[in-house]
Amino acid sequence: MRLLSETHPLVTGVTSDAPLVRALRGDRPERVPVWFMRQAGRSLPEYRALRQETRMLDACLDPALASEITLQPVRRHGVDAAVFFSDIVVPLLLAGVEVDLVAGKGPVFAHPVRTAADVEHCRATYTPERLREALEPVREAVRLTVAELGETPLVGFAGAPFTLAAYLVEGGPSREHLRARTLMQSEPEVWHDLLEWVADLSAVFLEAQVEAGASAVQLFDSWAGSLSVNDYREYVAPASARALSLVRQLGFHHPGWHGYADVALQVPVIHFAVGSGHLLEALAELGPDAVGVDWRIPLDEASERLGSEMPLQGNLDPALLGAPDEALEAHLADVLTRGQHAPAHILNLGHGVPPETDPAVLTRIVELAHAF
Ligand code: CP3
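Residue numbering for the sequence shown is 35 to 406, as defined by the working numbering.
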């Protein structure tokens, strides 16, 4: 294990017993920790005001701006974690890949990656070393953020290799990721090389966020739900494990409980995929500290399938954020109650905050959950 720096908040103890971090150790803190995927973003008027003149990817690379945007939802909602303001394509961009984020559309790549020659070119050109050298704005944004957050942990993240590959092969968003899935089946070796390359970039991106001060990370596999379990295990899971391999080596000492000697702990990892009810066991096999569950499967059922041993995160249905108070409150109580079947529960949505969400609804959910 490689130890985090002496000033890291998990090492100084500032965040090592925060409700989120405790829940990720399988513990049940006094109050259920709450954060929301995409809590920093368009649902907040203060975000829209700041972003007015800045393109998304420019905002991600402006440390002061990225840090301020990361902090906005923490101040407003009193959530138990910040999620770093960035995007899954940022490591590709910093490694040199030509990519843009088009509002209302998605990531658009100037050159789709489809052939053995394309993949070879990417591996040789957009290297992890090149990414490492370009990551200073990300490290700086994390340092600025962590300095302001105090006891609230920062969650770093990266896109999982399949999700990134689905965009790269297509050149942009697609519904069923057919091109990517066809490549996987027809040229497994090219596919393997492609996933290994993106996994290494995601690994370096995660490592930089943790070294600069993030107290946990989440691997987002937005599109893994389009895969069968067998294909996920064979063609995708090894690359996701590889994306987590660098942070899995980072750790810190924690004072032992009840007089036991101190213990060496890994930096906690959350693994989340959308539409992944059928993949739950396969996601858990990668050995994360918690599995993120989307809204399609109840938490008690998810917990039982995982042997009642895996901390779970989730799984409010984002559609309920726009529903009448009574419906939302009943749904929240149901999610919190079912979440008690797992060894630990982190309340979150089953996918990101929709941009049209009334932010007062999110604040209310935090208050109700903390009082539950
Ligand atoms: O919880 C988090 O904030 C985690 C980080 C995260 C973001 N985007 C932050 C973000 C993750 C995992 C993503 C994934 C992502 N990014 C996807 C996959 C689908 C999904 O929702 O999981 C896609 C398609 C993108 C691309 C993207 N990101 C576009 C097209 C845009 C809009 C561009 C613009 O000009 O605003 C974004 C913006 C983005 N990504 C925001 C955040 C917090 C800010 C604005 C928003 O609320 O959408």
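From the three backbone atoms N, C-alpha and C, an ideal C-beta is built for every residue, glycine too. What you are looking at is a predicted structure, and each value in this text was computed from that prediction instead of being measured.
What does DSSP give as the partner residues of residue i in its beta bridges?
i: Gln-73; result: None; Gln-73 has no bridge partner.
i: Gly-205; result: Answer is none; Gly-205 lacks a bridge partner.
i: Phe-191; result: Gln-252
i: Arg-410; result: Coverage of the chain is limited to positions 35 through 406, which leaves residue 410 absent and any answer about it impossible.
i: Asn-382; result: Asn-349
i: Leu-299; result: Phe-286
What is the DSSP secondary structure of residue i, reduced to helix, strand or coil?
i: Val-251; result: strand
i: Arg-282; result: helix
i: Gln-219; result: helix
i: Val-387; result: coil
i: Val-48; result: coil
i: Val-66; result: coil
i: Ala-376; result: coil
i: Phe-239; result: helix
i: Trp-225; result: helix
i: Gly-60; result: coil
i: Trp-257; result: coil
i: His-404; result: helix
i: Thr-88; result: coil
i: Tyr-269; result: helix
i: Leu-78; result: coil
i: Thr-397; result: helix
i: Glu-245; result: helix
i: Ser-274; result: helix
i: Leu-169; result: coil
i: Thr-186; result: coil
i: Glu-210; result: coil
i: Thr-197; result: helix
i: Thr-41; result: coil
i: Asp-234; result: helix
Below 7 Å, is the gap between the Cβ of residue i and the nearest heavy atom of ligand 1?
i: Asp-368; result: no
i: Ser-256; result: yes
i: Leu-135; result: yes
i: Phe-191; result: yes
i: Ile-122; result: yes
i: Pro-207; result: yes
i: Pro-67; result: no
i: Gly-140; result: yes
i: Pro-377; result: no
i: Gly-348; result: no
i: Ala-316; result: no
i: Gly-384; result: no
i: Pro-389; result: yes
i: Met-71; result: yes
i: Arg-330; result: no
i: Ala-353; result: no
i: Gly-75; result: yes
i: Met-218; result: no
i: Met-35; result: no
i: Met-344; result: no
Compare the C-alpha of residue i against each of the options and name the closest.
i: Val-131; options: Ala-137, Arg-164, His-111, Ala-100; result: Arg-164
i: Ala-192; options: Ala-158, Ala-250, Gly-60, Leu-44; result: Ala-250
i: Leu-317; options: Pro-63, Val-224, Leu-261, Ala-93; result: Leu-261
i: Ser-208; options: Trp-257, Tyr-160, Leu-178; result: Trp-257
i: Val-203; options: Gly-60, Asp-152, Arg-56, Val-66; result: Asp-152
i: Ile-32; options: Pro-146, Val-68, Gln-73, Asp-121; result: Not covered by the structure: residue 32. The range shown for the chain is 35 to 406.
i: Pro-272; options: Ala-307, Ala-233, Gly-259, Gly-309; result: Ala-233
i: Leu-320; options: Ser-274, Phe-286, Gly-326; result: Ser-274
i: Arg-267; options: Pro-322, Leu-105, Leu-313, Arg-110; result: Leu-313
i: Thr-397; options: Ile-103, Arg-372, Val-113, Asp-323; result: Val-113
i: Arg-276; options: Glu-343, Leu-235, Gly-184; result: Leu-235
i: Arg-85; options: Glu-40, Thr-104, Met-71; result: Thr-104
i: Asp-368; options: Ala-394, Gly-184, Ile-331; result: Ile-331
i: Gly-9; options: Ile-122, Asp-265, Phe-143, Pro-187; result: Absent from the structure is residue 9, since the part of the chain shown begins at 35 and ends at 406.
i: His-145; options: Ala-137, Glu-360, Val-133, Lys-139; result: Val-133
i: Leu-188; options: Tyr-201, Met-344, Arg-173, Leu-228; result: Arg-173
i: Thr-216; options: Ala-200, Glu-230, Trp-231; result: Ala-200
i: His-155; options: Pro-377, Met-35, Asp-227; result: Asp-227
i: Glu-484; options: Met-35, Trp-231, Arg-89, Val-66; result: No answer is possible for residue 484: the residues shown for the chain start at 35 and end at 406.
i: Ala-175; options: Leu-78, Phe-119, Thr-159; result: Phe-119
i: His-111; options: Glu-335, Ala-74, Gly-285; result: Ala-74
i: Thr-186; options: His-42, Ala-242, Val-281; result: His-42
i: Pro-125; options: Val-108, Ala-115, Val-48, Thr-161; result: Thr-161
Cβ of residue i versus every heavy atom of ligand 2: is any distance shorter than 7 Å?
i: Phe-119; result: Summarising the ligand content, the structure contains ligand 1 and does not contain ligand 2.
If you measure from the beta carbon of residue i to each beta carbon in chain C, is any gap under 8 Å?
i: Ser-77; result: Included in the structure is just one protein chain, with no chain C present.
Where are the beta strand (DSSP E) runs, 3 residues long or more, that stay fully inside the region 90-164, in chain order?
Positions of the beta strand (DSSP E) runs, each at least 3 residues long and wholly inside the region 90-164, are given as 133-136, 140-143 in order along the chain.
Sequence ranges, beta strand (DSSP E) only - wholly within the region 305-371, length at least 3:
Unbroken beta strand (DSSP E) stretches of 3 residues or longer found wholly inside the region 305-371: 324-326, 346-350, given in chain order.
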